[in-house]
Amino acid sequence: MKNIFSSFFIFVVLLSCHKHDDDGTSYIVDIQIIRPTQGQTSPKNTALPIAVIITREHDQIIHNLKVEVINTTTNKTETVEEKHYHVNGTLNYSTNNYIPNSSGSYTLRITSTNDDKLEPNTKEVNFTIN
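Counting in the numbering used here, the sequence shown runs from -3 upward without gaps.
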């Protein structure tokens, strides 16, 4: 009897560990790219500040963030950040660690997905490096 109770308790704990406030709802976030701005021109070999605000209504949980920079001249994609968060309502992300080393046209792509990495929400801005 003790083993049955222990097994049931472990089963209940495991089920509750993955429960989030967004279970059964669509994963919709608002992505605001603060930096770089659309059409911005920046010099190569200099840190390009990246700043993003992701919000989700009703303080629901924001899960995954992926930050990519695509050199559209060479079609090369660099992942700047890919991280799993559990943040309620608003996620402020920024970095000064990206340094483009070649001139060309670029796209910053921000993607946020649900806990299972599904339902992607994406926003992009285009900028130039000289």
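Glycine included, each C-beta is placed from N, C-alpha and C at the ideal position. On a predicted model such as this, the values are computed, not experimentally measured, just so you know.
Inset, instruction - Report the residue ranges of all beta strand (DSSP E) runs contained in full by the stretch 67 to 96; include only those spanning at least 3 residues, in chain order. - result: 72 to 84, 86 to 91
Legend entry - S101 versus S22, A47, T68, residue with shortest Cα-Cα distance: T68
Legend entry - Neighbourhood of A43 by C-beta distance below 6 Å, restricted to the same chain and skipping five residues each side: N92, I95
Legend entry - Where D26 sits in the DSSP three-state scheme: strand
Inset, instruction - Could you name the residues of the same chain whose beta carbon sits closer than 8 Å to that of T37, not counting the 5 residues immediately before and after it, in chain order? - result: F123, T124, I125, N126
Inset, instruction - Starting from the C-beta of I49, find all residues in its chain whose C-beta is less than 6 Å away, skip the five residues before and the five after it, and write them out in chain order. - result: Q28, N88
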